[in-house]
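J.:
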Amino acid sequence: MKRFVFDSQSILKLKAIAGSGGFDSEREPSRVELVTALVSIVLLKIAKLKNGRSKPLLISHMVNLRRRTDLVSHDNLCGNFYTVVSGKSTAAVTELGLHGLVGLVRDAMTTSLAKVANAIDETDLAEMVMNLAGEYQEERRKGDVDMLIFTSWCWFLLHRVDLGWGCWDFGTKNPIELNEKCVGESVSHIG
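Take a look at the structure:
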């Protein structure tokens, strides 16, 4: 397992690259969107070399639902409260570039989270989360795609728990994990 740290200066450079590539949005790309896109580009180029061709991309991200809906009291929420969002593209990674992959990740998250935000009760919310997971599974079953699965701990505050042992890290069996460093605006990638 290797760890790469993207400090605030690296994130600013990625934002500039995404902006110069034609990223058209009123809101700057988030750290998670940028690092997800950059890591995706590298992994997709490796997959193309390995397979001899580009395949359609299926990218999924686990997204924290805390603060995304008013249906649940978040103060003492314990356990997993997340959903899977996914996006698919048939364009080659060289065509998409950093700005295109940032846009794909943002569109997938924005569309999915807009659905969740409109849930009218807990049952409706649970059904929406299940439908999002079902959509992802359906795309996955179709096969012959380069599938990238991301999870981000950046807004899960577990890394800020102080047990007196200093900053601690999570290990994962997921292919790609994004995690905040203990201090500052850095994002680390473990994979």
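Counting in this note's numbering, the sequence shown runs from -16 upward without gaps. Glycine residues also receive a C-beta, built at the ideal position from the N, C-alpha and C atoms.
#1: Taking the straight line between their C-alpha atoms, what separation do you get for Lys28 and Asp104?
#2: Looking at C-beta atoms only, is the number of pairs between the segment 77 to 85 and the segment 17 to 25 that lie closer than 8 Å three or more?
#3: Pick out whichever of Leu32, Ser3, Leu48, Lys33 has its Cα sitting closest to the Cα of Val68.
#4: So which of Arg10, Lys31, Phe64 has the shortest CA-CA distance to Thr52?
#5: Does DSSP put Asp104 in a helix, a strand or coil?
#6: Given a threshold of 16 other Cβ atoms within 10 Å of its Cβ, counted over all protein chains shown, does Met92 qualify as buried or as exposed?
#7: Among residues of its own chain, excluding the 5 on either side of Lys31, which ones have a beta-carbon nearer than 6 Å to its beta-carbon?
#8: Which runs of the beta strand (DSSP E) at least 3 residues long sit entirely within the segment 8 to 91? Give them in chain order.
#9: What do you get for Gly117, buried or exposed, if any count of 16 or more other CB atoms within 10 angstroms of its CB means buried?
#10: For a quick check, are the C-beta atoms of Leu40 and Asp127 less than 7 Å apart?
#11: Asp129 bridges to which residues according to DSSP?
#12: Would Lys98 pass as a contact of Met113 if the rule is Cβ separation under 7 Å?
#13: Please report the Cβ distance between Ile132 and Ser43, rounded to the nearest whole angstrom; I am assuming they are in contact, meaning their Cβ atoms lie under 8 Å.
#14: How big is the Cα-Cα spacing for Leu115 and Phe(-13)?
#15: Just the C-alpha distance for Glu11 and Lys(-2), rounded to the nearest angstrom, thanks.
T.: Taking the definition as stated:
#1: As a working note, residue 28 is residue 45 in the sequence shown. As a working note, residue 104 is residue 121 in the sequence shown. Going by the C-alpha atoms only, they are around 43 Å apart.
#2: yes
#3: Walking along the sequence shown from the start, residue 68 turns up at place 85. Comparing Cα-Cα distances from Val68 to each of Leu32, Ser3, Leu48, Lys33, the minimum goes to Leu48.
#4: If you number the sequence shown from 1, residue 52 lands on position 69. When only C-alpha atoms are compared, the closest one is Phe64.
#5: By 1-based counting over the sequence shown, the position of residue 104 is 121. Asp104: coil per DSSP, three-state reduction.
#6: As a working note, residue 92 is residue 109 in the sequence shown. Buried, by the Cβ-count rule.
#7: In the sequence shown, counting from the first residue as 1, residue 31 sits at position 48. Excluding residues within five positions, the ones whose Cβ falls inside 6 Å are Ser37.
#8: 40 to 47, 65 to 72
#9: Numbered from its first residue, the sequence shown carries residue 117 at position 134. Counting Cβ neighbours within 10 Å, Gly117 comes out exposed, since fewer than 16 surround it.
#10: Taking the sequence shown and counting its residues from 1, the one referred to as residue 40 is at position 57. Taking the sequence shown and counting its residues from 1, the one referred to as residue 127 is at position 144. Not a contact, by the Cβ cut-off of 7 Å.
#11: Walking along the sequence shown from the start, residue 129 turns up at place 146. Beta-bridge pairing links Asp129 to Leu40.
#12: Here residue 98 refers to the residue found at position 115 when the sequence shown is read from its first residue. Here residue 113 refers to the residue found at position 130 when the sequence shown is read from its first residue. No, the pair does not count as a contact, with Cβ atoms beyond the cut-off.
#13: Counting from 1 along the sequence shown, the entry for residue 132 is found at position 149. Counting from 1 along the sequence shown, the entry for residue 43 is found at position 60. Indeed, because the Cβ distance is near 5 Å, the residues count as touching under 8 Å.
#14: Here residue 115 is taken as the residue at index 132 of the sequence shown, counted from 1. Here residue -13 is taken as the residue at index 4 of the sequence shown, counted from 1. Using only the alpha carbons, I get a separation of about 30 Å.
#15: For the purposes of this step, residue 11 is taken as the residue at position 28 of the sequence shown. For the purposes of this step, residue -2 is taken as the residue at position 15 of the sequence shown. Each residue's alpha carbon lies about 7 Å from the other.
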